[in-house]
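Here the structure comes first, spelled out in structure tokens, and everything after it is commentary.
Chains as they are written, first to last, in my numbering: chain A, 542 to 652; chain B, 12 to 237.
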């Protein structure tokens, strides 16, 4: 375990993000889903784990044959790709809902 | 009963049901139900024309948005028009209009929502439908904590209270499970009623029928995006 100020800083943000998502999911707030909850837990959980257990991550990267620096890039690459994917999915979902609302308004205009 | 019938709206979502929609509407009219609303969900066939020819009110989605979206449009229309009870049934003729009265009676007895359930013990119901429904019921229970015997049935009845409280977001088949969530969320008084289903050659051969693939897709969407 490697405890630094940065570790606690990341842990704080992870708890905040995961907690907010869990509360939203339990309250069944609009737009919340199990998929979003799983994504948030895996991304922020992963970040916290790396922050506190960098040695284990290094061991895994050695076993996989990656160099130390490359490992960092790969890790951040994954995070970025997941965040982008997550954002795109949210935008797509929002647009689908907006499209349906427009079509519904058009259908109901004579009532 | 005549007075009650005037306050009931029969809502039929329809997507490419041009071959049968007229017969479906006529069979409902034959049972004495006059307030019928069809929501044509962007059909590319003659559904809109056929439904309009019967003289009932038909609303039209200019693009196909899914069964859930069509029902929601119909429910919004019912609220605007001030109906006290709404009964939804499928546009492919699988539901028996004779069962509408039983559903309305239960609403009249004080239930907010009545869920029509298929009797899966009957042999004419395809096994894959029974299996997919069981999976859907399980996931619905895990997600919303309410066990229903037919989470995917389209034959349902709602009173005014339910109409005002229920809020849904899903456009596709997940809508049916979302209703169960809303029942649990608002503590609505609900019950189930066994209804007749008729699976004809038309049902089994139509392109937009619920297949194993679509059932799996619905289950995945329910599990992940709900």
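All C-beta atoms in this analysis are idealised placements derived from N, C-alpha and C, irrespective of residue type, glycine included. Small disclaimer: the values here were computed from a predicted structure and weren't measured.
State the Cα-Cα distance for the pair residue 587 of chain A and residue 193 of chain B, rounded to the nearest angstrom.
Approximately 34 Å between the Cα atoms of the pair.
Suppose you measure from the CA of residue 107 of chain B to the CA of residue 566 of chain A; what does that come to, to the nearest Å?
38 Å
Which residue comes first and which comes last in the alpha helix (DSSP H) that contains residue 599 of chain A?
595-605
In chain A, which residues lie with their C-beta within 8 Å of the C-beta of residue 61 of chain B?
Within chain A, no residue comes near residue 61 of chain B; the closest Cβ sits about 18 Å away, beyond 8 Å.
Here's the rule: buried if 16 or more other CB atoms are within 10 angstroms of the residue's CB, otherwise exposed. What is residue 546 of chain A?
exposed
Go ahead and label residue 73 of chain B buried or exposed: buried means 16 or more other beta carbons lie within 10 angstroms of its beta carbon, across all protein chains shown.
exposed
Within the same chain, show all residues whose beta-carbon is closer than 8 Å to that of residue 620 of chain A, passing over the 5 residues directly before and after it, in chain order.
Around residue 620 of chain A: 584, 587 and 588.
Just list the residues that DSSP pairs residue 72 of chain B with in beta bridges.
B:52
Just to confirm my understanding: we take residue 64 of chain B, look at its own chain, exclude 5 residues before and 5 after, and list those with CB closer than 8 Å. What are they?
33
Quick check: residue 20 of chain B and residue 89 of chain B, are their CB atoms within less than 8 Å of each other?
For residue 20 of chain B and residue 89 of chain B, yes; Cβs fall inside 8 Å.
If the cut is a Cβ gap below 8 Å, which residues of chain A does residue 92 of chain B touch?
652
Going by Cα to Cα distance, which pick from B:186, B:209, B:173 and B:180 is closest to residue 130 of chain B?
B:209
Could you name the residues of the region 178-192 of chain B whose beta carbon sits closer than 9 Å to any beta carbon of chain A, in the order they occur along the chain?
With the criterion set as a beta carbon lying under 9 Å from some beta carbon of chain A, the members of the region 178-192 of chain B are 178, 180, 182 and 192, in sequence order.
Starting from residue 201 of chain B, follow the beta strand (DSSP E) in both directions and report where the run begins and ends.
201-206
Closest to residue 77 of chain B by C-alpha separation, out of A:626, A:577 and A:638, would be which residue?
Taking only the C-alpha atoms, the option nearest residue 77 of chain B is A:638.
Tell me, please, whether the CB atom of residue 146 of chain B is closer than 8 Å to any CB atom in chain A?
No, residue 146 of chain B does not count as interfacial toward chain A.
In angstroms with no decimal places, state the Cα-to-Cα distance between residue 97 of chain B and residue 203 of chain B.
16 Å
Rounded to whole angstroms, what's the CA-CA distance from residue 9 of chain B to residue 67 of chain B? Just pull it up for me.
Past the edges of chain B, shown from 12 to 237, lies residue 9 of chain B, and the structure says nothing about it.
Taking 6 Å as the limit between beta carbons, can you name the residues of its chain near residue 635 of chain A, skipping five residues before and five after?
Beyond the five residues adjoining it in sequence on each side, residue 635 of chain A comes within less than 6 Å, by CB distance, of no other residue in the same chain.
Chain A partners of residue 87 of chain B, CB-CB under 8 Å?
645 and 649
Specify, as a first and last residue, the run of the alpha helix (DSSP H) that residue 21 of chain B falls within.
Element bounds for residue 21 of chain B: not the alpha helix (DSSP H) but the beta strand (DSSP E), 19-25.
Comparing C-alpha positions only, which one of B:158, B:185, B:198 and B:165 sits nearest to residue 176 of chain B?
Closest by alpha carbon: B:198.
Please report the straight-line C-alpha distance between residue 166 of chain B and residue 84 of chain B, rounded to a whole angstrom.
16 Å
Taking Cβ-Cβ distances shorter than 7 Å, what residues in chain B pair up with residue 641 of chain A?
76, 80 and 182
Count the CB pairs spanning the region 107-120 of chain B and the region 179-193 of chain B that are closer than 8 Å, and state whether there are at least three.
Contact fails: fewer than three Cβ-Cβ distances are below 8 Å.
Let's test the definition: count the other Cβ atoms within 10 Å of the Cβ of residue 642 of chain A and tell me whether it reaches 16, buried, or not, exposed.
exposed
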